[in-house]
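Here the working numbering is used: the first residue of the sequence shown is 939, the next is one more, and so on. Ideal placement from N, C-alpha and C gives every residue a C-beta, glycine not left out. Note that the structure is predicted; figures quoted are calculated from it, not measured. Here is the structure we will look at.
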Amino acid sequence: MDETKSNTTPGELPLYPQRDLSYEFLGLRFENPFILAAAPSTDNLEMVRRAFRAGWAGAILKTTSVEGTRVDLAYPMMTTFTHEGKRLFGMGNIDLISEHHIDKVEANVRQLKKEFPGKIVGASIMAGKKEDWQSLVVRLTKAGVDLIECSFSCPQGNIGENPGKMLAQSISATETTARWVKEAAGRVPVSIKITPHVTDIVDVANAVKRSGADALTASNSIQALMGVDIRSFVPYPQLQGRSSYSGLTGPAIKPITLRTIAEIARHVEIPILGTGGASTWSDAVEFMAVGAGVVQYCTAVMHRGFRIIDDLTSGMAHYLDEMHFGSVTDIHRKALPHLADHDALPRHTVRSTIHEPLCIGCEACYLACFDGAHMAIDRGPGRVPKVDWNRCVGCGLCQHVCPVDGCIEMTLHEN
Ligand SMILES: Cc1cc2nc3c(=O)[nH]c(=O)nc-3n(C[C@H](O)[C@H](O)[C@H](O)COP(=O)(O)O)c2cc1C
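Rendered as structure tokens:
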């Protein structure tokens, strides 16, 4: 708390608190828990420089491969998933890895480490053969990279033996390839970026752990079909009458990422870099509370720019003060003791209670309950609908369709 600085003049309320957010993770010093995910924002030296100056703790440079790897991009590559008027609720892309091969990325790593020795410079790699994976690692470690991330989960598939499929969908390929990478990386930490598109994420995490790799990046974009034009029947994105599956990113995938991180953290002891759907500082708190050690941002930056780092750091500082936490590490795994399998959940009797003064009489709860739940809400003669507790089972649907926060509450009842 004593480190709290404010950017206001003396006597004013500290609107944007700042404090030391630094901590150790994977043997590296992060100045805050916010880093850039491998993406277009990290594919250009000047852009990463601007991000670092803005205050990002680090960046994973966009995935590179060995010289000669064909990267055949198709444009336009971006789609938005607009939900009830909210643009970029989710974003789709059919991007591939960087068009810059290892020469360029190696030079960028060297330059960034020279100019910003205190920042975490990570690089993402993808290859097919063992010698290619290992040569990428050797060149990046010699250039001074802090962290190597391996993309085993590009939604357009990996290169190598099984094109179109994701490496992380095979337990044996994951373990073997991660072992090659770690063998070559020596003391430089290696994180394997995985996909939630698997039968059991715990099996994948265990394979990574057995390989000797240091961490998991959980998790990549979600394979998706972004929509179909209902007149031309061409799905999105549209490339002269053709389309393909996209990688879905942004707020829409946050619940999937949270579950993926939590499931790994509950069953496997391995550090996790969280990615997939984080946009705000409180998203980072949630990611860390279920087991992430650091949080990566991509779509939020593509939408609102590097400057969101100001909100992220001041929001986190304010939160730590409010919670009387000494460091961001105090958040780590805090939510996990509250997670249980379904059969271990408490079975209490709950019922819906409508707080009359807050009700605006829109009847959204009535309609939802009448057609979607238990016909337990009556319109009644007045403005406020009435809950019939004999029919109400306490499912909570009414609370979630109500547009007024706090108007409907689920209350505990004696059996
Ligand atoms: C246009 C675009 C390109 C991306 N390229 C890569 C890439 O080269 N390597 C990689 O591992 N992830 C790549 N990603 C995935 C991001 O690193 C990130 O994991 C994903 O976008 C989910 O995070 P977000 O919801 O914060 O965007 C890309 C994402 C986007 C939107």
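Pull up the distance between the alpha-carbon of residue i and that of residue j, whole angstroms please.
i: K1057; j: Y1183; result: 35 Å
i: C1333; j: L1305; result: 15 Å
i: M1104; j: G1253; result: 36 Å
i: V1142; j: R1117; result: 13 Å
i: V1043; j: S1073; result: 13 Å
i: I1063; j: T1001; result: 5 Å
i: K943; j: Y961; result: Bear in mind that a pLDDT of 47 at K943, under 50, signals an unreliable position, so the number given afterwards is only what the model happens to contain. Spanning the two alpha carbons is a distance of roughly 18 Å.
i: V1075; j: Q1094; result: 23 Å
i: D1041; j: K1051; result: 16 Å
i: A1314; j: N1328; result: 8 Å
i: A1012; j: C1340; result: 43 Å
i: T1198; j: V1322; result: 41 Å
i: V1128; j: A1106; result: 15 Å
i: G1023; j: R1180; result: 26 Å
i: G1060; j: H1205; result: 27 Å
i: H1280; j: H1135; result: 22 Å
i: K1080; j: V1004; result: 16 Å
i: G1006; j: L1078; result: 17 Å
i: A1162; j: P1173; result: 11 Å
i: Q1176; j: A1302; result: 37 Å
i: R1025; j: I1168; result: 19 Å
i: D1152; j: H1241; result: 31 Å
i: N1100; j: K1067; result: 12 Å
Closer than 7 Å by C-beta to residue i: which residues in its own chain qualify, once you throw out the five before and the five after it? Chain order, please.
i: A1203; result: I1210, V1228, G1229, R1271, L1274
i: M939; result: Reliability fails at M939, whose pLDDT of 38 lies under 50, so the model's placement of it is uncertain and the value that follows must be treated cautiously. D1259, listed in sequence order.
i: L1335; result: A1306, C1307, G1310, A1311
Between residue i and the rest of its own chain, which residues show a CB-CB distance below 6 Å, the 5 nearest in sequence each way excluded?
i: G1028; result: F1019, L1186, G1188, A1190
i: K1324; result: D1316, G1318
i: I1269; result: V1223, M1226, A1227
i: D1033; result: M1015
i: M985; result: S979
i: E941; result: For E941, the pLDDT reaches just 40, beneath the cut-off of 50, and the residue's location in the model is therefore unreliable, leaving the point undetermined.
Is there at least one non-hydrogen atom of ligand 1 closer than 7 Å to the beta-carbon of residue i?
i: A977; result: yes
i: S1073; result: no
i: C1236; result: yes
i: M1010; result: According to the sequence as given, residue 1010 is Asp; it is not Met. No.
i: N1355; result: Beyond the ends of the chain as shown, which are 939 and 1353, falls residue 1355; an answer cannot be given.
i: G1215; result: yes
i: N920; result: The question about residue 920 has no answer, for the chain in this structure spans 939 to 1353.
i: N1096; result: no
i: M1104; result: no
i: I1191; result: yes
i: S1036; result: yes
i: D1033; result: yes
i: G1060; result: no
i: G1150; result: no
i: K1024; result: no
i: M985; result: no
i: G1188; result: yes
Less than 8 Å between the CB atoms is what I'm expecting for residue i and residue j, so what's the real figure, rounded?
i: S1110; j: S1157; result: No, S1110 and S1157 are not in contact; Cβ-Cβ is about 20 Å, not under 8 Å.
i: G1150; j: K1120; result: 4 Å
i: I973; j: A997; result: 6 Å
i: M1348; j: S1290; result: 6 Å
i: I1208; j: L1250; result: So it is not a contact: roughly 25 Å between Cβ atoms.
i: H1351; j: T1287; result: 4 Å
i: A1123; j: I1160; result: Their Cβ separation, rounded to whole angstroms, is 28 Å, which puts A1123 and I1160 out of contact at 8 Å.
i: L999; j: A976; result: 7 Å
i: R1048; j: G1082; result: 6 Å
Looking only at its chain, what residues have a beta carbon closer than 8 Å to the beta carbon of residue i, apart from the 5 residues adjacent to it on each side?
i: A1200; result: V1228, G1229, A1273, L1274, L1277
i: F968; result: S960, Y961, E962, A995, G996, I1058, V1232
i: G1344; result: H1293, L1296
i: D1010; result: L1034
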